[in-house]
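Under the numbering used here, residues 2 to 221 are what the sequence shown spells out, in order.
Just so you know, even glycine gets a beta-carbon here, dropped at the ideal spot from N, CA and C.
If you're wondering where the values come from, they're calculated on a predicted model, not measured in any experiment.
So the structure is just underneath, and the comments pick up after that.
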Amino acid sequence: MLTEERQKSFVLRRGRITSNQKNALDTLWDRYVLKEDEYVDSFLSDKHSVLDIGFGAGETTTYLAKNMPNSSILGAEVYLSGIGSTLSRSNEEKLTNIKILNSDIVPFLEEKISDCSFDLVLMFYPDPWPKRKHHKRRLFQEGFINLIQRKLRKDGLFYFKTDWNHYYEEAKKLPFEKKKWKVLDEGQLDILLQELPETSFEKKALKAKRDLNKIILQKI
């Protein structure tokens, strides 16, 4: 299993939580956040299903939930500040098709998600682990990509973004086997995915003159 071979791709840091985020965590947690023993397949069922890995402040997650009301949107995030913001926004928008996972995505996918469950998996700006000795902690690696491929339905998409050029160049070297994946350009995506809102993280990256690199794979 991939879980046994890897180091975690994140380190939990104690970040500042605003009063609005804390209030959302206190009052909305039970409504939106998955319980440890919750049966996830019933939420995904036969609907068009999306997984957003490491959703940050949740701008993309809630945008998709609002604009794809007949889809099931599952967001995964380990940091409470981001979850708090997403809970607050979900409540304001009265979203009913969104669930949040607050745990490591790899064992969750391996142990609790059936194969062929998602139509779209997003992973935007994961921790780049810039130091060479930490590169093995990066999430975008061959074993993880194979795991995502299994969890996607036929013709499903995996959409990856990073503002770290070295991470992008290393990711492009992975063997995306022709029998498993087709590489797409952004222009081949549905218009909804071409017009995703610019996130707070992307604004900071652009202000710092960092490139927003993308890899889009379609399961064959």
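In the structure shown, the three-state DSSP call for residue 64 is helix. Bounds of any alpha helix (DSSP H) do not take in residue 197, whose DSSP letter is neither H nor E. The three-state reading of DSSP puts residue 77 in strand, counting E and B together. Per DSSP, residue 18 lies in no alpha helix (DSSP H) and is assigned neither H nor E. Partner residues in the beta bridge of residue 100, as assigned by DSSP, are 75. Residue 37 and residue 114 have their alpha carbons spaced roughly 13 Å apart. The three-state reading of DSSP puts residue 83 in helix, counting H, G and I together. For residue 168, the uninterrupted alpha helix (DSSP H) segment begins and ends at 166-173. Of the residues assessed, residue 71 falls on the exposed side of the cut-off, its CB having fewer than 16 other CB atoms within 10 angstroms. Exclusion of the five residues before and after residue 215 leaves 160, 161, 162 and 187 as the residues of its chain whose Cβ lies within less than 8 Å of its Cβ. Of the other Cβ atoms in all chains shown, fewer than 16 fall within 10 Å of the Cβ of residue 21; this residue is therefore exposed.
With a 10 Å radius around the Cβ and a threshold of 16 neighbouring Cβ atoms, residue 59 comes out buried. About 7 Å separates the Cβ atoms of residue 96 and residue 63, confirming a contact at the 8 Å cut-off. Of the other Cβ atoms in all chains shown, fewer than 16 fall within 10 Å of the Cβ of residue 207; this residue is therefore exposed. Counting C-beta pairs with one atom in each stretch, the stretch 87-102 and the stretch 144-160 have fewer than three that are closer than 8 Å, which means they do not touch. Its chain contains 175 as the residues whose beta carbon lies nearer than 7 Å to that of residue 146, once the 5 sequence neighbours on both sides are disregarded; these appear in chain order. Beta-bridge annotation (DSSP): residue 214 is paired with 163.
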